[in-house]
Amino acid sequence: MSDISKPEDQARTGGSFLYNQGFRSIAYQVLLGGVLAYLAWTLYANVNANLERQGIATGWDFLNTSSGFDIGESVIEYSAADTYGKALLAGILNTIRVALFGIFFATILGVFMGIARVSKNWLLSTLASWYVEICRNVPVVLHVIFWGTVIHLLPSPRKAMVPFEGAFIMNRGVVMPFPVYDPAYPWVGAAFVAAILGVVFLNKWAQRRREQTGQYISTLWAGLGILIGLPAAVWIAFGAPLVWDVPALRGFNFQGGLQLSPEFVALLIGITVYTAAFIAEIVRSGIQSVPSGQIEAARAVGLRPSFIMRYVTMPQALRVIIPPTASQYLSLTKNSSLGVLIGYPDLVNIGNTTLNQTGQAVEAIAIMMVVYLAISIVISTFMNVYNRLVAIKER
Amino acid sequence: MALPTERPIPQAPPDGAAATADTKPRKRGRTVPPPTERIPVLRWARENLASSYFNAFVTAVCLVALYYIVPAFVEWGLIDAVFTADSHEDCRAASGACWAVIEEKHRPMFFGVYPYEEHWRLVLAVMIYIGAVGMTMIRRFWSYRILVPLWLFTLTSTLTLLWGGVLGLSAVDTTQWGGLPLTMVLFSGTIVVGFPLAIVLALGRRSHMPTVKAVSVIFIESLRGVPLITILFVAVNVFPLFLPQGLEFDKMLRVMVGMAVFFACYEAEVIRGGLQAISRGQYEAAEALGLGYWHTMTRIILPQALRICLPGIVNHVIAAFKNTSFVLIIGLFDMLTATTSVLQDPVWRRFTVEAYLCVGFVYFMFCFALSKYSHRVERWLSEDKRF
Amino acid sequence: MNEQTPDTNSNTAADTAAIHLVDVNKWYGDFQALIDINLSVKQGERVVVCGPSGSGKSTMIRCINRLEHHQRGQIIVDGIELTDNLKNIEAVRSEVGMVFQSFNLFPHMRVIDNLTLAPMLVRKMPKAEAEALAMGYLERVQIPEQAYKYPGQLSGGQQQRVAIARSLCMQPRIMLFDEPTSALDPEMIKEVLDVMVELAKEGMTMIVVTHEMGFAKTVADTMVFMDQAEIVEIATPDIFFTKPKNERTQLFLDQILTH
C-alpha cells in the first residue's frame, strides 16, 4: 500500500489516497455539489410534474396578459386593462416610494431620538428611552396593522382634523396643499444640485486656504446662502411661479392637492416608528462609542467644541453608526412588504394577487424575491462605498 | 426609573468624613461645602433638568408636550374607560377605551380556534413553558444535566398537551392550534431548528473549501436579501410543489421551517463575527494537540465564539419571537391573527385598537424582559473570571 | 490509529534521527520563508535555534508539526514523512508537543480540563486516568494547586507552565518550543526555564526557539543560527559561542550578548 515518495516528488504522497488532505477536500466539495445538483434536479422535476398535473401554466407569458384588477394608487398610469407586467412594475414603484419616505423619516426621527437618549436632560432622555423600548419590543407587523386600524377610526372627511390651513387628516388618508407643476421647477432642482456641488467646492477651498494660510474661514453662512440663494435666484428668474393646489371637499371626498392614501400613511408610520427605534439605539451607541479620552484630548489641544464635534466625535461615531444603519434601511425596505396586510399595493401585495389569479406561484414569488434582492444589493453597495470613505485606516 | 427623591444623594460630605466608619464629627478646618443646592431634590433638578439655558428650554418643551398628551391618554385609557361591560352597548356609550373587549374576547384571542372545552390543556402547556423559560434564566440551573432534561420534558409535555391523541386526550389537528401556544410553538421550533443550522452555515462560511464557502455565502446572503414574507410564501405555496405526488407536510411545520431558515441566516452572520474574534493561536494549539476539526470547533472555538457574540444572538432570538407574528399574512392563527379575526365581529369591531394594545403588551413584556435579561447575562459574563 | 506503522521511509534518514529535514523550502506567496533547510535531530538531542526576528525560526518549527506546510523538500519525524496524508499528520502530531509564545491556553476551560481534553478526545483515555496523568504533570511543573482555576486567573509564568504540562499530557517524544519566554515578564522567565531544564535532563528531544542564551549554554547539545530564511550555522555551544565560523553569527551574538 505504500509507494515510496522521493524527496523531489511531493505530489506523490505516501499512504492511501483516502487520507490525502487535498483529496478529501475535493471529495467533500464534489459530494456537496452533487447533493445540491441532485436536489435541484429532483425539485425541478417534481415542480414540473405537479404543475402539469394541476394544469397550471409555466413560463412568463402571463406578464403580457391583462391583469383585470385595479390598483388603489400608483406612481405610473395604470388601469385594470393593463398587463400583469405593468401591475408588478407599479407595485415595485410603490414599494420604492414608501421605502424612500420611510428611510427619510426614520433617519430623522431615529437620529433625534438617539441624540435625545444621550442628552444631559433627564426628562428628554427618559422619554426617548421609553419610546425606543416600547417601539422596538413590539413586532413590526403589529405596528403596521395597529396604525392601519387607527387610521380608519379617524373622523370622516367632513369632520377631518386640520393640523394647519389646507391640510386634512381623516379616515381617507392625509391631504395637503401642493404646488402645481411649473416648467421652472426642474431648473430649480438643477440649481439646488449645483448649489450642493458649490458648497462642496467651497469647503474644499476653505480647507486648502486654511492649510496654506492657517486662517480659518467659516463656510457655514456662505454655504447656506448658496444652498438657498441659487435655487431661489433661478426661481425668481422664471418669474417666481407658485400656485398652490389646495385640496377642497367635493361631495364625500377631497379633490386636489397632495393626496396620501390611508394605507400609505399607516404603512409609513408603522415602519418608520419601528425602524427609528433601532436607528436611535445605533446612534446612541455610536456616540457613546467615542472614548471620552478622545474629547478630552481634543479639548486639551484647545479645539473649539464645534471643531471637536466635527473633526473628532462625528468621524469616529459615524464609523460605528453607518454599517448597522444601512442594514436597518434594508430591513425597512423589506418590512414595507407588510403593506399586503393593510391593502397598500406594494410589490408583494400585487405579486400575491397575481399568484392567486394565475396560480403561477413559482414565477410570482421569484419576481418578488429577485426584486428585493436587487434593492438590497443596490443599497448595500452604496453603503459599502460610503463606509469605505469614512473608514479609518487601520493596520 | 428611579424617582428623583428616591435616589440616595449624599449630603455632600466635603472632606469624606461621613463616608468613613468614624462617626465623630471631625473639625472641618478651612474646608467649606461646595456651592450647590443643599436640598437634594432641587440639586438633582438643577443638574438634570436645567444645567444650562438650553437644557431648561428642552425641559419646558418636554413638559408642554407631556401636558398635551398625558392627560388625554389618562382620560381615554383610565377615567372614561370601560373595564367590564355587560354588552358592547356599554362601550359604545362611553367616550374612553373599551378594555371590556379583552374580557369578552380573551379566550379566542389567546387560544385561537382550539376546541373551547380543551383550553385547560393550553393553559397548562403555557404554564409549563413559562416555568421552563424562567428556570433556564436562573444561573444556578445552567448545566447540561439540568437544562437538557428540562427542555426535553417541556417540549414533549407541551406538544403532547397540544396534540393530544394519547393518555385519553382528544387529538387536535395543528390547523386548529392557535393563539399564544401557537406563537410559543413557532418560536421554539424556529430556535431549535434554526440555531444548529446557523452554526453550520457560519462554519461553512468560514470553511477553506471554496465550494462549501460559496454555497454558504450565496445561501445566507440571498435569504437575508428578501423579506420574511416571501419565504413564508415559498413555504406555503411553492414547497408543496417540490414534493412528489402524495407526500404532504403539515402547513405549520413548513412555516416553522421557513422561519427557522430565515432566522439561521441572520444568526449565522452574528456567529461568524464571534468566530472571527477567536485568535489563530486557539486553532493552532488545538491542532498541535492533535484535535480534529469537529473536536476543535465544538470544544474550543464555538464555546468561546458564542459567548463573545451573545448579545447579537439574543437580539436575533428576540427578533425571531417578534417575527412569529408574520404568520398573520399566511393565515396561521397565532396570537395576532386570532385577535385580528376575532375582532371582525361587527359588534366589537370598533374596539380593535384596545385589543391590539393588549396583544402588543404581551409581546412587549416578553421581548423587554428578554433584552433586559441579556444585559444582565452580559454583565455576568464580563465579571466572569474565565475571560 | 496507533496501530498503523510508519508507511514511509526515507533512504536518507538515519535510524536514530528523531527529526530529519531535507532541503525544505517554503513560500508565503512570493516571499520565501525557508530556503533549503537541512537539519537532523537525534533522539534525545536538545537543539536551540536562534536568529534575528523574521529569520524563519518559528516557521521552521511550525513546519515540523504541520501548522505550516512546506512546499518543497522532505520532513521526516520519527520515521514518518509529513505529507498531505492525514494519518501521517495525525501520527506526527501525537509524537510532537508544541509550546507557543502566547501560551494559547483555552480560556473557557479550567487548567485540569485544558490538560485532560486531548488525552480524552484523541487518545480515548478514561477521565479518571487522564486526570491522574494531568495532576502528575502539574506537579512536575510545580503548580498542582492551580488545577481547578481558569487560565485567566494565573500569572504568565504559571500559564506557560500549564501549557507545557498540557503538551506533556499527550506524552510526546519530541517537544517544540516557539519562543516560550518572549511574552513573559522578566521575573517569570526563570520558572519556565527551570521546567524546561528539568525536561532536558530527563532526555526529552527538544527544539527550542529562544533568545535566552544562558539557557542555551546550559542545555543545548546543538546550536542553530538562522538568518534570512536560511540556516547559517550549526555548531555545538562551546564552538558557537566562542568561535563561530560565520560572521553573521558573530554579529548577531555581539548584538545580543553585549547587554
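Chains A, B and C are the protein sequences, given in the same order.
For reference, each letter of the first sequence is one residue, going 556 to 950 in the numbering used here.
For reference, each letter of the second sequence is one residue, going 32 to 418 in the numbering used here.
For reference, each letter of the third sequence is one residue, going 484 to 742 in the numbering used here.
Don't be surprised by glycine CBs; every beta carbon is placed ideally from N, CA and C.
None of the values given here were measured: they were computed from a predicted structure.
Does DSSP put residue i in a helix, a strand or coil?
i                 : result
ASN568 of chain C : strand
TRP799 of chain A : strand
CYS129 of chain B : strand
LYS55 of chain B  : For LYS55 of chain B, the pLDDT reaches just 48, beneath the cut-off of 50, and the residue's location in the model is therefore unreliable, leaving the point undetermined.
TRP194 of chain B : helix
LEU322 of chain B : coil
ASN939 of chain A : helix
MET484 of chain C : Confidence at MET484 of chain C is low in this model, with a pLDDT of 39, below 50, so its placement is unreliable and the value that follows should be read with caution. MET484 of chain C falls in the coil class under three-state DSSP.
SER810 of chain A : With the sequence shown as reference, residue 810 of chain A is identified as Gln, and Ser is not the correct amino acid for it. Strand at GLN810 of chain A.
GLY312 of chain B : helix
ASN492 of chain C : Legend: pLDDT at ASN492 of chain C = 44, less than 50; position of this residue unreliable, no value from coordinates given.
GLY778 of chain A : helix
LYS525 of chain C : strand
PHE382 of chain B : helix
ALA739 of chain A : helix
LEU659 of chain C : strand
ALA712 of chain C : coil
ILE863 of chain A : helix
CYS93 of chain B  : helix
GLY580 of chain C : strand
VAL63 of chain B  : coil
Given that residue i touches chain A, what residues does it touch there, using C-beta distances under 8 Å?
i                 : result
TYR404 of chain B : Near TYR404 of chain B there are no residues of chain A at all, since even the closest Cβ is about 13 Å away, more than 8 Å.
PHE141 of chain B : Within 8 Å Cβ-Cβ: nothing; PHE141 of chain B doesn't reach chain A, min ~15 Å.
Quick one: list the residues of chain A neighbouring residue i, beta-carbon separation under 9 Å, in chain order.
i                 : result
LEU682 of chain C : Those do not exist, as LEU682 of chain C stays about 31 Å from chain A at its closest Cβ, beyond 9 Å.
For residue i, which residues in chain C fall below 9 Å Cβ to Cβ?
i                 : result
GLN849 of chain A : Correct list: empty, because the minimum Cβ distance to chain C is about 29 Å.
Using a Cβ-Cβ cut-off of 8 Å, state whether residue i counts as contacting chain A.
i                 : result
VAL360 of chain B : A small fix is needed here, since residue 360 of chain B is Ile in this sequence, not Val. Answer yes: the Cβ-Cβ gap between ILE360 of chain B and chain A drops below 8 Å somewhere.
LEU274 of chain B : yes
LEU522 of chain C : no
LYS570 of chain C : yes
MET283 of chain B : no
MET290 of chain B : no
LYS136 of chain B : no
ILE429 of chain B : Because chain B is modelled from 32 through 418, residue 429 of chain B falls outside the range shown and cannot be assessed.
ILE260 of chain B : yes
VAL348 of chain B : no
Which residues in chain C sit within 7 Å of residue i, going by Cβ to Cβ distance?
i                 : result
GLU318 of chain B : LEU550
Need the endpoints of the beta strand (DSSP E) that residue i sits in, please.
i                 : result
ARG606 of chain C : It is not in any beta strand (DSSP E) - ARG606 of chain C carries neither H nor E in the DSSP assignment.
LYS509 of chain C : 500-511
GLY728 of chain A : 728-731
LEU648 of chain A : No beta strand (DSSP E) contains LEU648 of chain A, which is instead part of the alpha helix (DSSP H) from 639-672.
GLN557 of chain C : 555-560
Quick check on residue i - is its C-beta less than 8 Å from some C-beta in chain C?
i                 : result
PRO334 of chain B : yes
GLY857 of chain A : no
GLN762 of chain A : no
GLY577 of chain A : yes
HIS150 of chain B : no
LEU322 of chain B : yes
HIS326 of chain B : yes
So which residues on chain B does residue i lean against when the C-beta distance must stay under 7 Å?
i                 : result
LEU600 of chain C : ARG330
Strictly under 8 Å for the Cβ-Cβ distance: is residue i near chain B by that measure?
i                 : result
LEU887 of chain A : no
LEU621 of chain C : no
VAL505 of chain C : no
GLY644 of chain C : For the record, residue 644 of chain C in the displayed sequence is Arg; it is not Gly. Taking Cβ atoms only, chain B never reaches closer than 8 Å to ARG644 of chain C, which makes this a no.
MET924 of chain A : yes
Kindly give me the distance between the Cβ atoms of residue i and residue j, rounded to whole angstroms, as I take these residues to be in contact under 8 Å.
i                 : j                 : result
GLU414 of chain B : PRO342 of chain B : At roughly 15 Å, the Cβ-Cβ gap does not stay under 8 Å, so GLU414 of chain B and PRO342 of chain B are not in contact.
LEU604 of chain C : TYR620 of chain C : The Cβ separation is near 17 Å, so there is no contact.
PRO817 of chain A : ASP737 of chain A : 29 Å between Cβ atoms; not a contact.
State the start and end residues of the unbroken alpha helix (DSSP H) segment that holds residue i.
i                 : result
ILE262 of chain B : 259-264
MET543 of chain C : 540-547
Please list, in chain order, the chain A residues whose beta carbon lies closer than 7 Å to that of residue i.
i                 : result
ASP567 of chain C : THR568, ASN575, GLN576, GLY577
Does the Cβ of residue i lie closer than 7 Å to at least one heavy atom of the ligand GDP?
i                 : result
GLY780 of chain A : Inclusion of the ligand GDP in the displayed structure is not the case, the ligand content being empty and no account of it being possible.
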